[in-house]
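With the first letter of the sequence shown counted as 1, position 142 gets the number 134 in our numbering; the numbers rise by one all the way through.
Heads up, the beta-carbon is just placed ideally off N, CA and C, and yes, glycines get one too.
Notes follow the structure.
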Amino acid sequence: MATRAVSAGRGSGIPGDPLNVPIVVASNYIAATSGDGPEYSRDDGTATWIAFEAAIGSLEGGDAVAFSSGMAAISAVLSRFGAGSRVVAPDDVYTGVGTWLADAERRLGWIVTRVPVADTAAWNDASADAELVWLESPSNPLLEVTDLATVIPAAKRAGAFVAVDNTFATPVLQQPLQLGADVVVHSATKYIGGHADLLAGVAITSDATVHADLRRYRKLHGATPGALEMFLALRGLRTLPLRFERAQSNARRLVEHLRAHPRVRTVRYPTMADPDTGGSNGFGAVISFEIDGSADDADVVCGALRLIRHATSLGGVESTIERRAKLAGQTHLPPTLLRLAVGIEDADDLEADLDEALTS
Ligand SMILES: *Cc1c(COP(=O)(O)O)cnc(C)c1O
């Protein structure tokens, strides 16, 4: 994985050419007088996108199509399904996907069944007559795990199209295409980009028809990524395994520390000992925990942290924290639940920052 992250999507190898594919800013190309060639970037992409697609495709084990954001990649997959479709999705799903599904229920008459993330039997039941099974594991922010190694093959056997949002786990932990999924999507804004400085998305598939459909959607909906974003996303991807492993080992340390802290109540972080954790090599770098006190007290903790930044989103080198119940539509969450997206700082410093803020 680390070798492919560094070596896939390299330049031409021709002496004198740049070692890395540079930022290509081009809308159109010189036309070929005979035969095919790239003509227009919205159809054909640029060398910068193609290099990024080659690299993430190599990590997930399929052919990638890059998009302007994670939601653009997700929309490209969901838009395959027409009026009246039967869709199964986790009860704790990315908020943008939850809103998309609710809109589709209203506008397209979709029949959406929401399934508890960790309930394998419920997934298998609900998938039996579904057209689309949408998976996201670990879930956000409650960090429950779906047994992908069981649920994906069962859904495929039942004839469903299976899509997995692999943003939280990344290909470092699990490669759902190898478990039989039809498509994997990412918000490359998060761990792949890794530096909180871009918006991008990607969908990866090993099915040539699905790949062609994704390309067609991108072209017709204009959901094209930017040149700088693709350059930065590939630069971020080069260090994905290294950053991810460091952030995950920091997270494991902080889980132990928070579990022993007198002010902290529930710490949510999956472990290998939990049931139904098939298909994953670990559980990443996001922790959720509740504290003693009120929602206001939890906001005080967020404001008192100095190293850990009070900000939304995740997956960057820097640790960020957010009280998720303050977001619109998140009233089902415990009011003091803090989602800590652990970065790659020194774990001692992160512990000290938490200790100080928790006594404020
Ligand atoms: C952020 C996120 C998205 C949406 O991605 P954008 O790049 O913000 O459009 C989708 N799924 C998950 C799990 C995310 O964390």
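| Item | Value |
| --- | --- |
| Beta carbon of Pro327 nearer than 8 Å to that of Leu135 | no |
| Gly193 - DSSP class collapsed to helix/strand/coil | strand |
| Cβ-based burial, Pro267 [other Cβ within 10 Å; buried from 16] | Since pLDDT at Pro267 reaches only 48, below the 50 mark, its modelled position is unreliable, and the value read off the structure follows with that caveat. Pro267 is exposed by the Cβ-count criterion. |
| Rounded separation between Ala64 and Phe73 - CA only | 15 Å |
| Own chain partners of Gly228 with C-beta closer than 7 Å, once the 5 adjacent residues on each side are dropped | Ile184, Gly185, Gly186, His187 |
| Cβ pair count under 8 Å reaching 3, the region -3 to 7 against the region 38 to 50 | yes |
| Three-state secondary structure (DSSP) of Pro267 | At Pro267, the pLDDT of 48 sits below 50, so the modelled position is not reliable; the number obtained from the coordinates is stated separately. DSSP places Pro267 in coil when its eight states are reduced to three. |
| Exposure label - Trp92; buried when at least 16 CB within 10 Å | buried |
| Residues of its chain near Pro116, where Cβ-Cβ distance is below 6 Å and the 5 sequence neighbours each way are ignored | Looking at the sequence itself, residue 116 is Asn, so the reference to Pro does not match. Cβ neighbours of Asn116 beyond the five flanking positions: Ala146. |
| Outcome for Ile144 when other beta-carbon atoms lying within 10 angstroms are tallied against a minimum of 16 | buried |
| Residues that DSSP places opposite Glu310 in a beta bridge | Glu310 pairs with nothing; no bridge assigned. |
| Inter-residue spacing [alpha-carbon to alpha-carbon] between Val85 and Gly5 | 43 Å |
| Enclosing beta strand (DSSP E) for Ser179 [first to last residue] | 175 to 179 |
| Per-residue DSSP class, three states only, for Asn132 | coil |
| Any non-hydrogen atom of ligand 1 closer than 7 Å to Thr231 Cβ | no |
| Ala141 to Leu171 span [Cα, whole Å] | 6 Å |
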